[in-house]
Amino acid sequence: MQDYLPFTRPTLDAETIQGVVDVLNSGWITSGPQVEQFEQALAGYLGGERWVRVLNSGTSALEQALVLGGIGPGDEVIVPAMTFVATANVVVRVGARPVLVDVELTSRNLDLNQAEAAITPRTRAIMPVHFAGLPVAMDELYALAERHQLRVIEDAAHAIGSQWRNRRIGSFGDIVCFSFHANKNLTTIEGGAISVGAAELAWRLEILRFHGISRLPDGGMDVTVASGKFNLPDVSARIGLGQLRRLDEFNRQRRLLAHRYFDRLADEAPDTLPARGDAGHSWHMFTFLLPLAKLRLDRTAFRQRLHERGIGVGVHYPALPSFSFYQQLGYRESDFPNAARIGRETVTLPLFPAMAIAEVDRVCDAMQDVLRGCR
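Going by the working numbering, the first residue of the sequence shown is number 543, and it counts up by one from there.
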């Protein structure tokens, strides 16, 4: 009997696990020397003379990035209607209004033409998502931001290791936020990071992530802002150091697996497949749109049939306007046809570094068998 194949699984090697044991035995398990090493290693990996600070989640990174960018009550922030709900929730949490904009159908990335049309005198920032690791068109994005004098807060939760024109996401730009959740290309179990281009911003972020405390020359402390607690423990940072050492290897394998999916699914309608991208795509996940109008089953039944064959399938993501909270803000799915379609039809196929090409074939064989029987 074949093992159950989940849609994702983290890869933790023996050296990293032993490293965690060493940290636990050291007596210093909260933020300390491992965090400093991890931040330095991340900055070196990204390049571009950036300052990197880590936090306890990607969501914390996004929220503190908004604070760092001066976004607050009365402001508007442009957000794609197809993303994980955290992208929009953090805008609400700082008192601003998320302005939802539709996405392109195959890239799943923010439609920049529609984004520009949505700008008002209250718009202060644009928060694009590099969906599944496929970078947004960065030249067009930053040209738009410059025309309208907007902050850019990149939600790069999916995009550690992704590149735009041979430059790593996070090595340039305004404020760039990463997630290191358990299902990401690099995990610290929970965690996140912010990359900025100025030391002063990094210093302010250190204050924001730990109660608003700044240290005084005499060893005392002052509190200059009422902030929360978003620091990353050393245990998590040690996992991140082990993951970072293998990140490029992980991403190469993800690309190989994604290309095999394209080979096997070549006969499917093009609009059911994600945008292929180029070598800069880090392939956080591989999403497929079910042709539900042509099938005699719904997505729940499809997932159940794959589950019965020992294959786990995810859903990434429901469209933001499908949620009650965002409907209460006045949003309707019908106003975002691409995001709505993706939200209804999307499934996430297994993709993680420990997978073999033969397991992609197993997924495709099972999926095509189910689809053939239900058309």
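C-beta atoms are modelled at their ideal positions from N, C-alpha and C, and glycine is treated no differently.
Residues near serine 599 in its chain [Cβ-Cβ closer than 6 angstroms; skip 5 each side] | Here residue 599 corresponds to residue number 57 of the sequence shown, with the count starting at 1. Closer than 6 angstroms at Cβ, skipping near neighbours: Glu732, Gly734.
Can you pull the DSSP bridge partners for arginine 735?
-> Indexing the sequence shown from 1 puts residue 735 at position 193. It should be noted that the sequence gives alanine, not arginine, for residue 735. Per DSSP, Val596, Phe720.
Neighbourhood of isoleucine 816 by C-beta, 8 angstroms cutoff - its chain only, sequence neighbours within 5 removed = As a first step, residue 816 is located in the sequence shown; it is residue number 274 there, counting from the start. Note on identity: in this sequence residue 816 is proline, with isoleucine being the wrong assignment. Hits under 8 angstroms: Thr648, Ser649, Arg650, Ala674, Leu676, Phe828, Thr829, Phe830.
Whose C-beta lies closer than 8 angstroms to the C-beta of threonine 740 among residues of the same chain, with five residues either side of it excluded?
-> For the purposes of this step, residue 740 is identified with residue 198 of the sequence shown, where counting begins at 1. Checking the displayed sequence, the identity of residue 740 turns out to be alanine instead of threonine. For alanine 740, where only same-chain residues beyond five positions count, the Cβ hits under 8 angstroms are Trp593.
Are the beta-carbon atoms of leucine 799 and isoleucine 717 separated by less than 9 angstroms?
-> Counting from 1 along the sequence shown, the entry for residue 799 is found at position 257. Counting from 1 along the sequence shown, the entry for residue 717 is found at position 175. No, Cβ-Cβ distance for leucine 799 and isoleucine 717 is not below 9 angstroms.
Can you check the region 607–676 for any beta strand (DSSP E) of at least 3 residues that lies completely inside it and give the ranges in chain order?
-> 618–622, 639–643, 665–668
What first and last residue would you give for the alpha helix (DSSP H) that runs through phenylalanine 580?
-> As a first step, residue 580 must be located in the sequence shown, where it is residue number 38. For phenylalanine 580, the uninterrupted alpha helix (DSSP H) segment begins and ends at 575–588.
Cα-Cα separation between glycine 822 and aspartate 760, rounded to whole angstroms = Looking up residue 822 in the sequence shown gives position 280. Looking up residue 760 in the sequence shown gives position 218. The alpha-carbon atoms of glycine 822 and aspartate 760 are separated by roughly 48 angstroms.
Between the C-alpha atoms of valine 905 and leucine 786, what's the straight-line distance to the nearest angstrom?
-> Along the sequence shown, read from residue 1 onward, the residue named residue 905 stands at position 363. Along the sequence shown, read from residue 1 onward, the residue named residue 786 stands at position 244. So the alpha carbons of these two residues sit roughly 28 angstroms apart.
On the three-pair Cβ rule with 8 angstroms, is the region 778–796 touching the region 876–890?
-> no
Around the C-beta of arginine 689, are 16 or more other C-beta atoms found within 10 angstroms, so that it is buried, or is it exposed?
-> In the sequence shown, the residue the question calls residue 689 occupies position 147. Exposed: under 16 other Cβ atoms inside 10 Å.
In this structure, does DSSP put lysine 771 in helix, strand or coil?
-> Sequence index remark: in the sequence shown, residue 771 carries index 229 (1-based). Three-state DSSP puts lysine 771 in a strand.
So who's on the other strand from phenylalanine 830, going by DSSP bridges?
-> For this step, residue 830 is matched to residue 288 along the sequence shown. BP columns for phenylalanine 830 point to Val889.
Paired residues, beta bridge with tryptophan 745 - DSSP | Taking the sequence shown and counting its residues from 1, the one referred to as residue 745 is at position 203. In DSSP, tryptophan 745 forms no bridge with anything.
Beta-bridge pairing of glutamine 691 - partner residues as DSSP gives them | Here residue 691 refers to the residue found at position 149 when the sequence shown is read from its first residue. Answer by DSSP bridge pairing: none, since glutamine 691 is not bridged.
By DSSP, does methionine 897 sit in helix, in strand, or in coil?
-> Here residue 897 corresponds to residue number 355 of the sequence shown, with the count starting at 1. Methionine 897 falls in the coil class under three-state DSSP.
Going along the chain, which residues of its own chain have a beta-carbon closer than 8 angstroms to the beta-carbon of arginine 693, five neighbours each way excluded?
-> In the sequence shown, counting from the first residue as 1, residue 693 sits at position 151. So the list reads Gly611, Gly612, Ile613, Arg666, Ala667, Ile668, Ala687, Asp716, Ile717, once near-sequence residues are dropped.
Would you check if the region 768–776 and the region 696–711 touch, i.e. whether three or more CB-CB distances between them fall below 8 angstroms?
-> no
According to DSSP, is aspartate 840 helix, strand or coil?
-> Translated into the one-based positions of the sequence shown, residue 840 becomes position 298. DSSP places aspartate 840 in coil when its eight states are reduced to three.
Start and end residues, alpha helix (DSSP H) containing isoleucine 711 | As a position in the sequence shown, residue 711 is number 169, starting the count at 1. Run containing isoleucine 711: none; DSSP gives neither H nor E here.
Using 8 angstroms as the Cβ pair cut-off and three pairs as the minimum, do the region 853–863 and the region 620–629 touch?
-> Look at the beta carbons and you see the region 853–863 touching the region 620–629: at least three pairs across the two are nearer than 8 angstroms.
Aspartate 940 versus isoleucine 661: straight-line alpha-carbon distance, rounded = Within the shown structure, residues of the chain are numbered from 543 to 917, placing residue 940 beyond reach of any answer.
From the DSSP output, read off the bridge partner residues of isoleucine 853.
-> Sequence index remark: in the sequence shown, residue 853 carries index 311 (1-based). Partner(s): Leu547.
Could you check which residue in Asp644, His826, Lys771, Ala685 has the C-alpha nearest to that of serine 876?
-> Indexing the sequence shown from 1 puts residue 876 at position 334. Selected option, being the one with the closest Cα: Asp644.
Give every residue of the same chain whose Cβ lies closer than 7 angstroms to the Cβ of valine 632, excluding the five residues on either side of it in the sequence, and list them in chain order.
-> Taking the first residue of the sequence shown as position 1, residue 632 is located at position 90. Contacts found: Thr601, Leu604, Glu605, Leu608.
Per DSSP, the bridge partner or partners of glutamate 696 = Taking the first residue of the sequence shown as 1, we reach residue 696 at position 154. Residue pairing by DSSP places glutamate 696 opposite Val718 in a beta bridge.
Of the residues Leu547, Thr550, Asn793, Arg841, the one placed nearest glycine 703, counting alpha carbons only | Walking along the sequence shown from the start, residue 703 turns up at place 161. It is Asn793.
Decide if lysine 488 is buried, meaning its Cβ has at least 16 other Cβ atoms within 10 Å, or exposed.
-> Given that the chain is displayed from residue 543 to residue 917, the structure contains no residue 488 and the question cannot be resolved.
State buried or exposed for isoleucine 781, treating a residue as buried only when at least 16 other CB atoms are found within 10 Å of its CB.
-> Residue numbering aside, residue 781 sits at position 239 when the sequence shown is read from its first letter. Result: buried.
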